[in-house]
Amino acid sequence: MALRYALLGLLAKNEATGYELTQQFKETVIHFWTAHHTQIYRELLKMEEEGLTQSKTVQQNDYPDKKIYAITDKGFEQLLEWMLNKPVNAPKLKDDLLLRVSMFHFIPTDKAINFLETSKNHHKMGLEMTKQWSDDHFPNGTYKENELGEYLTIEFALRYMESWLSWCNWAIKELKKKGELEK
Numbered sequence: 694m695a696l697r698y699a700l701l702g703l704l705a706k707n708e709a710t711g712y713e714l715t716q717q718f719k720e721t722v723i724h725f726w727t728a729h730h731t732q733i734y735r736e737l738l739k740m741e742e743e744g745l746t747q748s749k750t751v752q753q754n755d756y757p758d759k760k761i762y763a764i765t766d767k768g769f770e771q772l773l774e775w776m777l778n779k780p781v782n783a784p785k786l787k788d789d790l791l792l793r794v795s796m797f798h799f800i801p802t803d804k805a806i807n808f809l810e811t812s813k814n815h816h817k818m819g820l821e822m823t824k825q826w827s828d829d830h831f832p833n834g835t836y837k838e839n840e841l842g843e844y845l846t847i848e849f850a851l852r853y854m855e856s857w858l859s860w861c862n863w864a865i866k867e868l869k870k871k872g873e874l875e876k
């Protein structure tokens with residue numbers, strides 16, 4: 694259901710096509726929420742049926758016609774209701790990588806270290822890409838008023854990846870100590 698509010702939030706900033714929303718989603722919320730383009734299009738249809746969005750079809754000569762979605766007053770009211778009145782719940786951590794780490798006692802130490810090194814490389818790449826995106830969109834930490842949320846969440850993403858990298862380095866050292874004890 695949160696996908697709905699992510700899309701309403703994006704549409705509250707600007708009207709957009711489903712393709713543009715998919716791209717914006719990848720740029721602005723991918724570091725804390727994921728959705729496949731089919732989920733996005735399905736949710737757009739539901740929201741339009743419920744009167745939360747409306748669309749207009751733009752005919753194109755060399756391309757298929759496109760639908761441009763806009764948030765309705767009802768959609769904006771529902772977005773604000775969700776933001777202001779949904780209870781703040783305890784955080785939920787659901788991480789496939791950590792689930793696998795929790796079972797490292799089943800595999801050899803060198804395999805566990807390789808797993809963490811691979812994860813570390815992925816997070817380094819993600820950190821570099823996120824830093825570049827942040828530098829491109831928020832040079833010197835400057836942002837427009839309607840970009841405050843993006844600025845705050847991109848900073849969370851940077852800190853999260855830095856924390857993961859720091860933890861990986863610590864865990865690798867622990868595993869190496871364990872490996873030394875086994876010899």
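Once you know that position 90 of the sequence shown is 783 in our numbering, the rest is easy, because the numbers rise by one and skip nothing. The beta-carbon is built from N, C-alpha and C at its ideal position, and this holds for glycine as well.
Are the beta-carbon atoms of residue i and residue j separated by less than 8 angstroms?
i, j, result
"M740", "T746", "yes"
"H724", "T802", "no"
"L820", "L858", "yes"
"E720", "W826", "yes"
"L704", "A763", "yes"
"T765", "G744", "yes"
"I806", "K870", "no"
"L772", "Y698", "yes"
"S812", "L790", "yes"
Which residues in the same chain as residue i place their Cβ atom closer than 8 angstroms to its Cβ, once the five residues preceding and following it in sequence are excluded?
i, result
"I733", "L696, L700, G711, L714, T715, F718"
"A864", "V794, L809"
"N839", "K706"
Report the three-state DSSP secondary structure of residue i (helix, strand or coil).
i, result
"R794", "The displayed chain sequence assigns Val, not Arg, to residue 794. DSSP places V794 in helix when its eight states are reduced to three."
"K787", "coil"
"Q898", "Nothing can be reported for residue 898, as the shown portion of the chain is limited to 694 through 876."
Going along the chain, which residues of its own chain have a beta-carbon closer than 7 angstroms to the beta-carbon of residue i, five neighbours each way excluded?
i, result
"V751", "D758, K759, I761"
"F923", "Since the displayed the chain opens at 694 and closes at 876, residue 923 lies outside it and no answer follows."
"E708", "I761, Y762, A763"
Excluding five sequence neighbours on each side, which residues of the same chain lie with their C-beta closer than 6 angstroms to the C-beta of residue i?
i, result
"K749", "I761"
"V722", "A699"
"G768", "L701, L745, T746"
**Q.** Touch test, the stretch 825 to 835 against the stretch 843 to 854, Cβ-Cβ under 8 angstroms, three pairs minimum
**A.** Three or more Cβ pairs closer than 8 angstroms define a contact, and the stretch 825 to 835 meets that threshold against the stretch 843 to 854.
Q) In the stretch 704 to 785, which residue ranges form an unbroken beta strand (DSSP E) of at least 3 residues, counting only runs that do not cross its ends? A) Entirely contained in the stretch 704 to 785, the beta strand (DSSP E) runs reaching 3 residues are, in chain order, 746 to 751, 759 to 764.
Q: Run through the stretch 787 to 863 for me and flag every whole alpha helix (DSSP H) of 4 or more residues, listed as ranges in chain order.
A: Runs of the alpha helix (DSSP H) lying entirely within the stretch 787 to 863, each at least 4 residues long, are 789 to 794, 802 to 830 in chain order.
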